[in-house]
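Protein chains in written order, with my numbering: chain A, 75 to 405; chain B, 195 to 551; chain C, 102 to 371. Even for Gly, the Cβ is constructed at its ideal location relative to N, Cα and C. This report refers to the structure that appears directly beneath it.
See below:
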């Protein structure tokens with residue numbers, strides 16, 4: 075019996091090691107953007123999950139399952155071609171600020187086959203977060219489901235916009251949108267030129283430990299667009315990462331960026347209430363920026379809006395003397 | 195625990211519960227998330243889903259979605275309840291249930307491990323019916339995980355050929371914590387990979403929506419295997435009530451009975467987890483209520499528990515869909531809300547017994 | 102005559118611990134009631150466990166009807182040896198009839214065929230005087246009735262050898278005597294009965310033979326007169342025992358009668 079227990083413990087240890095190795099080996103696949111082939115009115119597109127969809131003419135009524143796709147479609151086709159809205163769009167997309175034109179749209183809380191069938195869209199645009207069971211059931215019943223995986227960069231957002239433009243038969247509109255984005259980016263770039271060297275960390279903590287984002291994240295892209303340096307990306311950290319008080323003090327950024335409603339943020343309260351953070355420059359000077367929810371986690375062209383918002387806030391903080399360029403920083 | 199004389203005779207109970215399952219399946223088809231279907235539409239949809247008539251209308255499409263979901267739900271409820279009854283019979287304790295002694299945790303871990311080791315990209319792999327082999331591979335891994343956990347806790351809790359129930363439950367807590375930790379580890383490693391993160395999330399809280407015939411068939415297959423094993427287990431489990439030695443004296447081979455019961459219970463729990471994720475406490479609550487209603491003889495109890503489990507989970511899911519519609523809770527969450535207090539009340543009602551531990 | 106049960110140089114023990122029973126040779130023949138006596142921890146119950154295959158011998162072997170126990174299928178063994186546990190632990194919420202039917206397990210086919218089962222169970226209940234209690238739950242019965250229900254189940258097993266573990270420990274004097282009288286009757290009917298008991302006087306009155314076990318070894322065996330002597334019992338139970346003769350009219354006649362003399366408290370605790 076004892077032998078058995080030991081053998082089992084050995085087996086479990088082995089399995090855990092195998093799991094960890096397997097996980098480390100299974101490198102992250104970069105998201106693959108769907109590819110569209112257009113021939114006259116016919117469209118053929120390969121979804122991010124490998125399924126090929128064919129259309130005799132561009133699909134008209136589109137159902138977005140998440141807030142970022144709502145932003146993309148809102149820019150490309152507007153309310154009349156959007157079949158319904160996911161509930162979260164009113165918090166995490168542009169519609170959080172202005173829902174004009176969308177007052178009468180059906181709203182759904184869960185992406186689930188029956189609901190979608192009822193809404194009878196020509197095309198569902200979903201993300202990697204959605205339940206793949208639902209994709210499968212819908213496709214079995216003849217509903218086209220496109221999974222759209224977008225990399226966390228504005229360039230990829232523009233690629234996605236052009237791809238969708240071609241798929242939905244609004245190529246020109248897509249070019250216009252992208253040109254606007256390019257123009258805004260250039261303006262922002264010029265505007266933020268003197269901010270280079272200012273370091274920022276995104277931070278969230280609702281009392282159960284701190285989190286931040288390293289490189290290869292949307293907030294990292296937003297910082298880059300705003301001319302800020304993402305201090306949390308130091309040491310090659312990528313994606314969603316933990317951020318202890320100690321690490322935060324060690325990074326000691328000029329600026330801490332947090333999400334919150336109407337300037338109120340639980341994370342900011344946590345930072346203000348923690349005695350151990352006396353050494354944190356951003357707290358001493360109150361150099362906190364609160365991003366509204368729809369800008370804090372967007373992976374659409376709204377990243378640009380977030381960056382514009384950040385630049386404005388940083389400029390205001392600097393004028394108030396709450397951010398100073400340190401000697402040796404920047405150029 | 196106060197024993198109750200069986201109140202409801204076998205045949206009426208079987209017929210009653212059986213028709214209740216059928217009624218609930220029909221009700222689930224007729225009354226779903228997006229409102230009601232008429233009886234003719236629902237019937238026609240069911241026939242279309244079974245390939246008996248041609249109908250590709252919206253009502254038929256909805257009916258078929260609801261049908262496979264209802265059948266999967268019924269199967270998962272039945273499987274978890276039967277697994278619970280078998281484990282409680284073999285360990286001679288009403289507190290032994292797949293989710294409490296760590297069997298479901300082990301199954302989740304096994305399934306998650308399979309996705310990783312197979313280099314897998316979970317969703318298409320685990321959930322979609324398109325790739326049947328992958329589905330089976332994950333179910334097999336989940337079975338191995340569950341069996342491993344069961345073997346471990348049984349060997350930890352066995353001394354001089356007897357199983358100590360307190361040790362069993364404590365070992366279950368420890369193993370559950372380990373499984374939770376390992377799952378979190380996998381989650382931490384793979385958190386960039388939304389697909390895997392998403393699949394693990396599904397397992398943690400269960401998911402019954404948008405199921406395909408392959409899901410219903412998997413759980414149906416496991417239940418069929420269990421049904422075939424019942425004639426080799428029911429009488430033996432009754433004789434087990436007096437302890438292993440007593441059963442042995444009557445001609446039972448306790449080792450064989452234990453092994454068979456544990457393998458069948460593990461198979462049921464593992465396939466449930468592979469199909470629908472962790473839905474806890476069904477295996478605790480249902481056998482308990484069934485014993486009160488139908489008595490303790492396993493020859494009656496096992497088939498009735500199977501049907502009761504189907505009625506319980508299907509009824510709960512149907513009720514919450516009818517009441518909450520689009521805002522329904524994840525099934526694992528709902529069952530925790532029901533099962534957690536139930537487990538506590540069981541512990542409280544047995545405080546006298548527990549004091550001796 | 103082939104013995105119903107026998108052991109040859111049997112040694113038993115649990116896991117990594119010292120042997121509980123060592124070098125036991127013993128035989129049970131049809132028609133005899135043998136009492137297995139000895140102080141607490143002598144290994145009496147362990148011996149009974151060995152007869153059901155619950156314990157694999159460390160040395161020696163167990164024979165059932167002349168065949169090695171290890172080679173008998175479980176059901177065949179159960180058709181030859183029936184066990185009577187001390188109390189129906191864990192079985193209280195069964196109907197008496199269902200409980201007794203459990204004894205038929207070894208006679209049933211895989212798919213439940215046991216044509217004589219119902220009649221045998223009815224007869225067994227009648228024999229122990231519980232015909233009227235068939236449809237009650239076991240835990241509703243009195244201690245003496247529960248004991249008899251256990252016996253009825255063992256009778257339903259129709260095994261020629263019957264092993265009984267302290268059948269009288271929870272019974273009053275009247276039921277103690279009734280139980281042993283019934284065991285005696287069964288032995289007289291041709292069964293072989295081996296009863297573990299602490300009650301030396303009941304053993305003396307009803308048993309043909311006594312086996313005295315101490316610290317896992319057989320210290321004495323033989324008729325009550327041979328075993329219940331001061332020279333034999335003294336070293337084991339203490340020398341404060343009074344041994345006389347049973348009063349006239351006792352069931353087994355004027356056999357030895359043992360009383361502990363409690364005058365010397367120090368030794369009485371032994």
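Residue-level contact to chain B via CB, residue 192 (chain A), 8 Å cutoff: The residue you call residue 192 (chain A) lines up with position 118 of the first chain. Yes - at least one Cβ of chain B is within 8 Å of the one on residue 192 (chain A).
Of the listed residues B:218, B:457, B:437, nearest to residue 420 (chain B) (C-alpha basis): If you number the second chain from 1, residue 420 (chain B) lands on position 226. If we check each option's Cα against that of residue 420 (chain B), B:457 comes out closest.
Alpha-carbon to alpha-carbon, residue 245 (chain A) and residue 256 (chain A): The residue labelled residue 256 (chain A) in the question sits at position 182 within the first chain. The residue labelled residue 245 (chain A) in the question sits at position 171 within the first chain. Between residue 256 (chain A) and residue 245 (chain A), the alpha-carbon positions lie close to 16 Å from each other.
Spatial distance of residue 187 (chain A) from residue 230 (chain B) (CA atoms): To locate residue 187 (chain A), count along the first chain from 1; it is residue 113. To locate residue 230 (chain B), count along the second chain from 1; it is residue 36. Cα atoms of residue 187 (chain A) and residue 230 (chain B): separation of roughly 15 Å, rounded to the nearest angstrom.
Whole-angstrom distance between residue 279 (chain A) and residue 285 (chain A), CA atom to CA atom: Here residue 285 (chain A) is taken as the residue at index 211 of the first chain, counted from 1. Here residue 279 (chain A) is taken as the residue at index 205 of the first chain, counted from 1. In a straight line, the C-alpha of residue 285 (chain A) is about 6 Å away from that of residue 279 (chain A).
Selection from A:372, A:330, A:141 that minimises the alpha carbon distance to residue 272 (chain A): Stepping through the first chain from its first residue, residue 272 (chain A) is reached at position 198. Cα-wise, what sits closest to residue 272 (chain A) is A:330.
Distance CB(residue 455 (chain B))-CB(residue 304 (chain B)) smaller than 8 Å: On the second chain, position 261 is the one that residue 455 (chain B) refers to. On the second chain, position 110 is the one that residue 304 (chain B) refers to. Against a cut-off of 8 Å, the Cβ pair of residue 304 (chain B) and residue 455 (chain B) comes out as no contact.
DSSP state of residue 341 (chain B) mapped onto helix, strand, coil: Translated into the one-based positions of the second chain, residue 341 (chain B) becomes position 147. Helix, per DSSP.
Contact with chain A by residue 302 (chain B), beta-carbon distance below 8 Å: Within the second chain, numbered from 1, the residue matching residue 302 (chain B) stands at position 108. Chain A contact via Cβ: absent.
Inter-residue spacing [alpha-carbon to alpha-carbon] between residue 326 (chain B) and residue 408 (chain B): Along the second chain, one-based indexing puts residue 326 (chain B) at 132. Along the second chain, one-based indexing puts residue 408 (chain B) at 214. Its pLDDT being 47, under 50, residue 326 (chain B) is placed unreliably by the model, and the measurement read from it follows with that caveat. Looking at the two C-alpha atoms, the distance is approximately 7 Å.
Below-8 Å beta-carbon distance, residue 326 (chain B) vs any chain A residue: Here residue 326 (chain B) refers to the residue found at position 132 of the second chain. Reliability of the predicted coordinates at residue 326 (chain B) is poor, the pLDDT of 47 falling under 50, and no value is obtained from them.
The beta strand (DSSP E) enclosing residue 126 (chain C), as first and last residue numbers: Position 25 of the third chain holds residue 126 (chain C). In this chain, the beta strand (DSSP E) harbouring residue 126 (chain C) covers 120-129.
Cβ neighbour criterion (16 or more within 10 Å) applied to residue 240 (chain B): For the purposes of this step, residue 240 (chain B) is taken as the residue at position 46 of the second chain. Answer is buried; the Cβ neighbour count reaches 16.
Neighbouring residues, chain B, relative to residue 189 (chain A) (Cβ below 8 Å): Along the first chain, one-based indexing puts residue 189 (chain A) at 115. Under the 8 Å cutoff, chain B gives 227, 228, 520.
The stretch 330-347 of chain C in contact with the stretch 153-161 of chain C per 3-pair CB rule at 8 Å: Result no; under three Cβ-Cβ pairs closer than 8 Å.
Nonlocal neighbours in the same chain, by C-beta distance under 8 Å from residue 575 (chain B), ignoring five residues either side: There is simply no residue 575 (chain B) to check, as chain B begins at 195 and stops at 551 in what is shown.
Residue from C:215, C:150, C:195 whose Cα sits closest to the Cα of residue 183 (chain C): For the purposes of this step, residue 183 (chain C) is identified with residue 82 of the third chain, where counting begins at 1. If we check each option's Cα against that of residue 183 (chain C), C:150 comes out closest.
Sequence-distant residues of the same chain with beta carbon closer than 6 Å to residue 297 (chain A), five excluded per side: Within the first chain, residue 297 (chain A) is the residue found at index 223, counting from 1. Taken in chain order, the residues that qualify are 274, 304.
Same chain, Cβ closer than 6 Å to residue 359 (chain A), neighbours up to 5 away in sequence not counted: Working through the first chain from its first residue, we reach residue 359 (chain A) at position 285. Take residue 359 (chain A), set aside five residues on each side of it, and the residues of its chain with a beta-carbon closer than 6 Å to its own are 396, in chain order.
Proximal residues of chain B, C-beta to C-beta of residue 186 (chain C) below 9 Å: Position 85 of the third chain, counted from the start, is the residue given in the question as residue 186 (chain C). The answer, in chain order, is 436, 437, 439, 440, 443.
C-beta contact flag for residue 138 (chain A) and residue 223 (chain A) at 8 Å: Taking the first chain and counting its residues from 1, one reaches residue 138 (chain A) at position 64. Taking the first chain and counting its residues from 1, one reaches residue 223 (chain A) at position 149. Contact: no.
Close Cβ partners of residue 212 (chain A) (< 7 Å) along its chain, the five nearest in sequence each way excluded: To locate residue 212 (chain A), count along the first chain from 1; it is residue 138. Close CB contacts of residue 212 (chain A) within its chain, under the 7 Å cut and outside five residues either way in sequence, are with 187, 190, 198, 219 (chain order).
N- and C-terminal bounds of the beta strand (DSSP E) containing residue 112 (chain C): Within the third chain, numbered from 1, the residue matching residue 112 (chain C) stands at position 11. For residue 112 (chain C), the uninterrupted beta strand (DSSP E) run begins and ends at 106-114, by DSSP.
Proximity to residue 267 (chain C) [Cα-Cα], best of C:198, C:185, C:288: Walking along the third chain from the start, residue 267 (chain C) turns up at place 166. From the listed residues C:198, C:185, C:288, the smallest Cα separation to residue 267 (chain C) is found for C:185.
Residue environment, residue 77 (chain C), which counts as buried when at least 16 other CB atoms sit within 10 Å: In the structure as shown, chain C starts at 102 and stops at 371, and residue 77 (chain C) therefore has no counterpart that could be examined.
8 Å Cβ shell around residue 323 (chain B) - same chain, five flanking residues per side excluded: Within the second chain, the letter at position 129 stands for residue 323 (chain B). Residue confidence for residue 323 (chain B) is low, a pLDDT of 37 falling below 50, so the modelled location carries little weight; the figure read from the coordinates is stated next. Closer than 8 Å at Cβ, skipping near neighbours: 329, 406, 407, 408, 409.
Residue 332 (chain A) in three-state terms, based on DSSP: Residue numbering aside, residue 332 (chain A) sits at position 258 when the first chain is read from its first letter. Of the three classes helix, strand and coil, the one that applies to residue 332 (chain A) here is strand, per DSSP.
Buried/exposed call for residue 320 (chain B), threshold 16 Cβ in 10 Å: If you number the second chain from 1, residue 320 (chain B) lands on position 126. Caution is warranted here: a pLDDT of 40 is assigned to residue 320 (chain B), below 50, making its placement in the model unreliable, and the coordinate value is therefore given only provisionally. With at least 16 other beta carbons inside 10 angstroms of its own, residue 320 (chain B) counts as buried.
Any C-beta of chain B under 8 Å from that of residue 245 (chain C): If you number the third chain from 1, residue 245 (chain C) lands on position 144. In terms of beta-carbon proximity, residue 245 (chain C) stays away from the interface with chain B, with every pair separated by 8 Å or more.
Exposure label - residue 287 (chain A); buried when at least 16 CB within 10 Å: In the first chain, counting from the first residue as 1, residue 287 (chain A) sits at position 213. Buried.
Proximity test, Cβ basis, 8 Å: residue 403 (chain B) and chain A: For the purposes of this step, residue 403 (chain B) is taken as the residue at position 209 of the second chain. Yes, its Cβ sits closer than 8 Å to a Cβ of chain A.
Span of the beta strand (DSSP E), counted from its first residue to its last, around residue 199 (chain A): Stepping through the first chain from its first residue, residue 199 (chain A) is reached at position 125. Residues 197-200.
Simplified DSSP assignment, three categories, for residue 184 (chain C): Sequence index remark: in the third chain, residue 184 (chain C) carries index 83 (1-based). Looking at residue 184 (chain C) - three-state DSSP - the assignment turns out to be strand.
Cβ-based neighbour list, residue 313 (chain B), same chain, cut-off 6 Å, excluding 5 preceding and 5 following: Position 119 of the second chain holds residue 313 (chain B). Since pLDDT at residue 313 (chain B) reaches only 47, below the 50 mark, its modelled position is unreliable, and the value read off the structure follows with that caveat. Hits under 6 Å: none found.
Cutoff 7 Å; reference residue 285 (chain C); Cβ partners in own chain excluding five residues on either side: Sequence index remark: in the third chain, residue 285 (chain C) carries index 184 (1-based). Around residue 285 (chain C), the same chain offers 134, 307 as residues with beta carbons nearer than 7 Å, after the five sequence neighbours per side are excluded.
3 or more residues per run - each beta strand (DSSP E) lying fully within the stretch 225-258 of chain A: Fully enclosed beta strand (DSSP E) runs of no fewer than 3 residues are not present anywhere in the stretch 225-258 of chain A.
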